[in-house]
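Engineer: Sharing a structure with you now.
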């Protein structure tokens with residue numbers, strides 16, 4: 176079985192986001208970038224499946240600017256066998272990403288495609304489901320447990336009401352929740368080894384997909400600030416304020 | 016052109032967020048139709064027809080719609096879509112799972128999780144876990160939009176009598192099978208819709224100490240929340256997690272106990288109407304969003320809080 180894992184390069188989750196003064200976006204210059212956190216879970220799961228002898232190859236793919244190569248390289252350092260970088264410039268929407276991934280899937284013919292359930296930059300939560308629709312494959316979104324059983328997957332999904340379990344045929348798309356596993360850190364020897372693993376570079380424009388944005392970003396602003404609150408000196412004062420001032424108890 | 020609202024239900028009743036999505040749909044266009052896909056869902060369908068904002072209900076039934084599998088639902092909506100300018104659903108796990116499948120089939124760039132309708136083609140949505148707000152304008156002819164339920168008031172749920180039309184079901188998608196759903200049963204209000212939420216963080220120090228949170232929540236008829244740190248430490252199960260990777264809550268009162276206020280937690284609760292923080296570290300970031308901050312040891316403050324609430328009840332009696 177072959178697993179393709181899609182990884183995205185995003186602003187690190189520990190970075191305080193700053194909106195650009197001209198309201199065209201958020202500041203990304205000289206800001207620490209990392210792999211989108213649930214994409215780390217996706218890589219980890221694929222590597223675990225390979226280590227358990229149930230997969231033969233794990234291929235990491237990223238779509239983005241040249242520097243997204245670092246994100247692919249990190250996936251290689253934690254166990255992916257080889258990488259693919261599809262180079263694009265500027266904003267690329269989930270619909271376009273899923274069309275590019277469809278091309279990669281047609282070329283690579285994986286049995287499974289894993290990715291994070293959502294990217295922490297645009298918070299869209301669309302790409303996996305869109306790719307699944309384009310390929311007419313089953314989808315298991317928000318996965319917190321994956322079991323492989325005779326060419327099928329049993330997946331536990333995190334839903335608002337609790338947990339849902341579904342069974343899907345392979346080939347399939349799985350989008351991963353943070354609770355799926357605990358991603359490992361890359362060891363230094365593995366980081367060194369990863370430098371020798373191949374990364375194929377492609378240009379999005381060569382894949383025959385229209386990736387022109389369909390959504391105009393009119394402006395990006397700071398969210399309204401909460402008014403500064405007060406510190407109370409005792410529990411008694413707190414309860415009085417909640418009762419008489421805020422009137423919530 | 017009209018707006019098509021996708022109803023969320025359990026075949027018997029409408030799920031509450033359908034009402035919030037209905038309000039958002041009506042802000043885009045007055046002519047709101049709703050589609051309900053299910054199995055033996057007449058009761059839910061009738062409830063839907065009673066929403067005064069809805070002009071027509073389209074009911075689609077088959078056994079393979081009983082468990083809301085997106086692969087079965089999407090083609091039904093794609094087929095109906097030719098008559099509509101917008102397809103709307105909630106941005107909860109139901110809508111998040113389903114809508115992108117529809118959007119891709121319609122070759123539309125979906126707009127997720129909007130918090131405001133600015134114009135029929137222009138919407139406000141949070142990005143970076145609510146650390147920035149983007150105004151976005153769709154250039155697609157058909158728009159697929161999911162709405163953040165807590166940003167729209169629920170619509171009226173009675174008084175209407177929209178006609179219910181039946182439409183033919185589509186084929187079953189045989190490669191996905193529903194097995195089971197384990198719903199977390201509780202006498203408490205649901206975390207996503209509770210009026211009061213009491214949350215504990217790493218400061219609780221153990222799962223056992225979460226009893227303090229439970230007692231406070233009992234007293235206030237509140238849902239119980241937790242920070243990711245508390246969940247990761249194993250103090251409480253992950254369905255209680257509030258934050259970017261858990262649930263986004265907007266209660267009237269949010270009480271954060273022993274929570275430092277990491278960015279990812281704040282993203283899930285900072286729109287709450289009144290926020291209380293109890294933390295012994297006066298520099299904790301949670302105080303920057305709290306209306307009322309109490310710098311104190313929670314193991315002393317929470318029992319006192321209970322005592323004060325008891326006193327209040329005595330006075331009220």
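Chains as they are written, first to last, in our numbering: chain A, 176 to 424; chain B, 16 to 332. Where is the CB? At the ideal position from N, CA and C, for every residue including glycine.
#1: By the three-class DSSP mapping on this structure, what secondary structure does residue 274/B have?
#2: Tell me, please, whether the CB atom of residue 351/A is closer than 8 angstroms to any CB atom in chain B?
#3: Going by DSSP, what residue range makes up the alpha helix (DSSP H) through residue 91/B?
#4: Between residue 304/A and chain B, is the shortest Cβ-Cβ distance under 8 angstroms, so that the two count as touching?
#5: For chain B, find out if any of its Cβ atoms is closer than 8 angstroms to the Cβ of residue 317/A; answer yes or no.
#6: Taking the CB atoms as reference points, tell me whether residue 203/B and residue 248/B lie closer together than 8 angstroms.
#7: Comparing the C-beta of residue 421/A with each C-beta of chain B, is any distance below 8 angstroms?
#8: Report the partner residues of residue 232/A according to the DSSP bridge assignment.
#9: Here's the rule I'm using: 16 or more other beta-carbon atoms within 10 Å means buried, otherwise exposed. How should residue 250/B be labelled?
#10: On the DSSP letters alone, give me the boundaries of the beta strand (DSSP E) that residue 238/B sits inside.
#11: Against chain B, does residue 278/A count as a neighbour if the rule is that its beta carbon must be under 8 angstroms from one of theirs?
#12: Report, in whole angstroms, the separation of the C-beta atoms of residue 333/A and residue 352/A, which I expect to be a contact under 8 angstroms.
#13: Note down, one range per segment and in chain order, each beta strand (DSSP E) of at least 3 residues found wholly within the segment 89-163 of chain B.
#14: By the three-class DSSP mapping on this structure, what secondary structure does residue 261/A have?
#15: Please report the Cβ distance between residue 39/B and residue 103/B, rounded to the nearest whole angstrom; I am assuming they are in contact, meaning their Cβ atoms lie under 8 angstroms.
#16: Kindly indicate which residue of 378/A, 221/A, 384/A and 288/A has the alpha-carbon position closest to the one of residue 239/A.
#17: Give a yes or no on whether 8 angstroms exceeds the smallest Cβ distance from residue 192/B to chain A.
#18: Which runs of the alpha helix (DSSP H) at least 4 residues long sit entirely within the segment 182-260 of chain A? Give them in chain order.
#19: Between residue 152/B and the rest of its own chain, which residues show a CB-CB distance below 6 angstroms, the 5 nearest in sequence each way excluded?
#20: So what does DSSP say about residue 306/A, is it helix, strand or coil?
#21: Run through the DSSP bridge pairs and tell me what residue 48/B is partnered with.
#22: When you compare each of 162/B, 261/B and 101/B to residue 128/B by their alpha carbons, which one comes out closest?
#23: Would you mind giving the Cβ-Cβ distance between residue 304/B and residue 281/B, rounded to the nearest angstrom? I have them listed as a contact below 8 angstroms.
#24: Could you work out which residues of chain A lie near residue 313/B, taking near to mean beta carbons separated by less than 7 angstroms?
#25: Reducing DSSP to helix, strand and coil, say where residue 368/A ends up.
#26: With distances taken from CA atoms, which of 407/A, 416/A and 395/A is nearest residue 149/B?
#27: By Cβ distance below 6 angstroms, which residues in the same chain neighbour residue 109/B in space, the five residues on each side in sequence not counted?
#28: Anything in chain A within Cβ reach of residue 143/B, meaning under 8 angstroms, just list it in chain order.
#29: Measuring CB to CB, does residue 111/B end up less than 8 angstroms from residue 340/A?
#30: Whole angstroms are fine: how far does the CA of residue 256/B sit from the CA of residue 207/B?
#31: Could you tell me whether the segment 27-45 of chain B touches the segment 170-179 of chain B, using the rule of 3 or more Cβ pairs below 8 angstroms?
#32: With the cut-off set at 8 angstroms, would you say residue 126/B and residue 390/A are in Cβ contact?
#33: Please confirm if residue 344/A has its CB atom under 8 angstroms from at least one CB of chain B.
#34: Would you call the CB atoms of residue 113/B and residue 85/B closer than 8 angstroms?
#35: Can you give me the C-alpha to C-alpha distance between residue 342/A and residue 78/B, rounded to a whole angstrom?
#36: Skipping 5 residues on each side, what residues in its chain have a beta carbon closer than 6 angstroms to that of residue 279/A?
Structural biologist: Reading off the structure:
#1: Taking the second chain and counting its residues from 1, one reaches residue 274/B at position 259. Residue state, collapsed to three classes: coil.
#2: Here residue 351/A is taken as the residue at index 176 of the first chain, counted from 1. Residue 351/A does not count as touching chain B.
#3: By one-based count along the second chain, residue 91/B stands at place 76. 85-95 is the extent of the alpha helix (DSSP H) around residue 91/B.
#4: For the purposes of this step, residue 304/A is taken as residue 129 along the first chain, with counting starting at 1. Closer than 8 angstroms to some Cβ of chain B, the Cβ of residue 304/A qualifies, so yes.
#5: The residue labelled residue 317/A in the question sits at position 142 within the first chain. With 8 angstroms as the cut-off, residue 317/A counts as an interface residue toward chain B.
#6: Taking the first residue of the second chain as position 1, residue 203/B is located at position 188. Taking the first residue of the second chain as position 1, residue 248/B is located at position 233. No; because the gap between Cβ atoms is not below 8 angstroms, this pair is not in contact.
#7: As a first step, residue 421/A must be located in the first chain, where it is residue number 246. So, interface residue.
#8: By 1-based counting over the first chain, the position of residue 232/A is 57. According to DSSP, residue 232/A bridges with 177/A.
#9: Working through the second chain from its first residue, we reach residue 250/B at position 235. It is buried - the Cβ of residue 250/B has at least 16 other Cβ atoms within 10 Å.
#10: Taking the second chain and counting its residues from 1, one reaches residue 238/B at position 223. Here the beta strand (DSSP E) through residue 238/B covers 238-241.
#11: Numbered from its first residue, the first chain carries residue 278/A at position 103. With 8 angstroms as the cut-off, residue 278/A does not count as an interface residue toward chain B.
#12: Your numbering for residue 333/A matches position 158 in the first chain. Your numbering for residue 352/A matches position 177 in the first chain. Going by Cβ atoms, the distance from residue 333/A to residue 352/A rounds to 5 angstroms, so yes, they are a contact pair.
#13: Given a length threshold of 3 residues, each whole run of the beta strand (DSSP E) inside the segment 89-163 of chain B is given here in chain order: 99-105, 126-129, 131-134, 137-142, 147-153 and 158-162.
#14: Counting from one through the first chain, the residue named residue 261/A turns up at place 86. If DSSP states are grouped into helix, strand and coil, residue 261/A belongs with the strands.
#15: By 1-based counting over the second chain, the position of residue 39/B is 24. By 1-based counting over the second chain, the position of residue 103/B is 88. Cβ atoms of residue 39/B and residue 103/B come within 8 angstroms of each other, at about 6 angstroms.
#16: Sequence index remark: in the first chain, residue 239/A carries index 64 (1-based). Comparing Cα-Cα distances from residue 239/A to each of 378/A, 221/A, 384/A and 288/A, the minimum goes to 378/A.
#17: Here residue 192/B is taken as the residue at index 177 of the second chain, counted from 1. For residue 192/B, the answer is yes, since a Cβ of chain A falls inside 8 angstroms of its Cβ.
#18: 212-226 and 244-252
#19: The residue given as residue 152/B occupies position 137 in the second chain. Scanning its chain for C-beta atoms nearer than 6 angstroms, with the 5 sequence neighbours on each side dropped, one finds around residue 152/B the residues 136 and 137, in chain order.
#20: Residue 306/A sits at position 131 when you count from the first residue of the first chain. Residue 306/A falls in the helix class under three-state DSSP.
#21: As a position in the second chain, residue 48/B is number 33, starting the count at 1. In DSSP, residue 48/B forms a bridge with 19/B and 71/B.
#22: Counting from 1 along the second chain, the entry for residue 128/B is found at position 113. Checking every option, the nearest Cα to that of residue 128/B belongs to 162/B.
#23: Here residue 304/B is taken as the residue at index 289 of the second chain, counted from 1. Here residue 281/B is taken as the residue at index 266 of the second chain, counted from 1. That pair is a contact at about 6 angstroms.
#24: The residue you call residue 313/B lines up with position 298 of the second chain. One finds nothing in chain A with a Cβ atom closer than 7 angstroms to the Cβ of residue 313/B; even the nearest lies about 11 angstroms away.
#25: In the first chain, residue 368/A corresponds to position 193, counting from 1. The answer is helix: DSSP assigns residue 368/A an H, G or I state.
#26: As a first step, residue 149/B is located in the second chain; it is residue number 134 there, counting from the start. Looking at the Cα atoms, 395/A is the closest of the given residues.
#27: Taking the first residue of the second chain as 1, we reach residue 109/B at position 94. Same-chain partners within the cutoff: 23.
#28: One-based indexing of the second chain puts residue 143/B at position 128. Near residue 143/B (Cβ distances below 8 angstroms), the residues of chain A are 186, 192, 201, 295, 296 and 298.
#29: By 1-based counting over the second chain, the position of residue 111/B is 96. By 1-based counting over the first chain, the position of residue 340/A is 165. The answer is no: Cβ separation not under 8 angstroms.
#30: Stepping through the second chain from its first residue, residue 207/B is reached at position 192. Stepping through the second chain from its first residue, residue 256/B is reached at position 241. Their Cα atoms are separated by approximately 11 angstroms.
#31: yes
#32: The sequence position of residue 126/B within the second chain is 111, counting from 1. The sequence position of residue 390/A within the first chain is 215, counting from 1. Yes.
#33: One-based indexing of the first chain puts residue 344/A at position 169. Yes, residue 344/A lies at the interface with chain B (some Cβ there is under 8 angstroms from its Cβ).
#34: Residue numbering aside, residue 113/B sits at position 98 when the second chain is read from its first letter. Residue numbering aside, residue 85/B sits at position 70 when the second chain is read from its first letter. For residue 113/B and residue 85/B, yes; Cβs fall inside 8 angstroms.
#35: For the purposes of this step, residue 342/A is taken as the residue at position 167 of the first chain. For the purposes of this step, residue 78/B is taken as the residue at position 63 of the second chain. So the two alpha carbons sit approximately 17 angstroms from each other.
#36: Position 104 of the first chain holds residue 279/A. Result list for residue 279/A: 236, in chain order.
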